[in-house]
Amino acid sequence: MVLKRFLDPFRLLRSEERKRLEDANSRKPLIVIGLANPGAKYRGTRHNVGAMCVDELARRAGARLENKVRDTELAETEIGGAPAIIVRPITFVNESGKSVRNVLRKFNAEPDRLLLIVDDMDLKIGRLRLRVGGSSGGHNGLKSVRQVTGTDEFPRMRIGVGRPPAGSDPIQHVLGRFHPDERALIEAAVSRAADAVEAIQREGLDRAMETFNRLA
């Protein structure tokens, strides 16, 4: 009984410390990075759907992306009532790690605070897939981020852009623009992707995965 009286205050302190750390982590901004190639030449291409989502988030938040960190345009804002940093790299997709490294250093953040938004040929056009980690799946942007962070354990959201016709060049496919009959699908997907980011902020990643991964 005497021992219990001594131990209980320590249990209370540990509990309070855990809560303090959890609360502190919840206040750290989510860093949303939409991978894309820079310049007007690539605007609206399949490889740039990540940037399309970031632009939609900026529009909803009334935020303006500016070149505040090397190799990036970004805005510090709120999404879903919680702090967020939305980022559009101004490197090519296969060099995305440069932008990610600079942003993580600038904000003293760990990779688990990232949410990368990328295109995916293996998903049918307009489909979303949220995951906490996993392989690059052949995506050169994710490979680049893996190289600079040393981990695959960062959240990512894939937006389906569909596979090219048999015999077509996959590189030209992702560097090409959407066909007229695909545009409505991809615009809806970008809007849902922005909804998913807001849901992550409000309800957490697990709940957002349950909701948006099952939507066609």
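Numbering (the working numbering), first residue to last: 378 to 593. Where a beta carbon is used, it is the ideal one built from N, C-alpha and C, also for glycine.
Are the Cβ atoms of residue i and residue j separated by less than 8 angstroms?
i, j, result
"V426", "V567", "yes"
"E547", "M586", "According to the sequence displayed, residue 547 carries Pro and not Glu. No; because the gap between Cβ atoms is not below 8 angstroms, this pair is not in contact."
"R584", "A573", "no"
Once you ignore the five residues that flank residue i on each side, which residues in its own chain have a CB closer than 8 angstroms to its CB?
i, result
"Q524", "G474"
"L398", "At L398 the pLDDT is 48, less than 50, meaning the model places this residue with poor confidence; the figure from the coordinates comes in the next sentence. Answer for L398: no residue qualifies."
"L552", "N414, Y419, T422, R423 and H424"
"G457", "V574, E575, A576, I577, Q578 and R579"
"A543", "none"
Counting only the same chain and skipping the five closest in sequence on each side, list residues whose C-beta sits under 7 angstroms from that of residue i.
i, result
"A461", "P406, L407, V409, T454, E455 and Q578"
"L500", "R506, R535 and G537"
"E472", "S521"
"D598", "The first residue shown for the chain is 378 and the last is 593, placing residue 598 beyond what the model contains."
"A570", "C430, I494, L505, M534 and I536"
"I563", "V426, I502, G503 and F555"
CB-CB under 6 angstroms to residue i, same chain, minus the five flanking residues each way: which ones, in chain order?
i, result
"Y419", "N425"
"K483", "V446"
"V509", "P532"
"V431", "G411, I463 and R465"
"H556", "none"
"T588", "none"
"E559", "I502"
What separation, rounded to the nearest whole angstrom, lies between the Cα atoms of residue i and residue j?
i, j, result
"I463", "N517", "21 angstroms"
"E450", "I502", "27 angstroms"
"A565", "R554", "16 angstroms"
"Q549", "E530", "29 angstroms"
"R436", "L442", "10 angstroms"
"L434", "L491", "15 angstroms"
"N590", "G527", "27 angstroms"
"R504", "P541", "16 angstroms"
"L519", "S513", "5 angstroms"
"N444", "A452", "9 angstroms"
"A438", "D489", "23 angstroms"
"V470", "G416", "12 angstroms"
Start and end of the alpha helix (DSSP H) containing residue i?
i, result
"I548", "P547 to V551"
"L481", "S473 to K483"
Answer yes or no: does any C-beta atom of chain D fall closer than 8 angstroms to that of residue i?
i, result
"A417", "Looking for chain D here will not work: only one protein chain is present."
Using a threshold of 7 angstroms, is the CB atom of residue i nearer than that to any non-hydrogen atom of the ligand GTP?
i, result
"A417", "As presented, the structure is devoid of all ligands, the ligand GTP included, so that no description of it is given."
In the DSSP assignment, find the unbroken beta strand (DSSP E) run with residue i in it and report its ends.
i, result
"R465", "A459 to P466"
"R508", "L505 to R508"
"V495", "L491 to D497"
Ignoring anything shorter than 4 residues, give me the alpha helix (DSSP H) runs that lie fully in the region 394-450, in order along the chain.
426-438
Ranges of the alpha helix (DSSP H) found wholly within the region 513-585, counting only runs of at least 4:
517-526, 547-551 and 557-580
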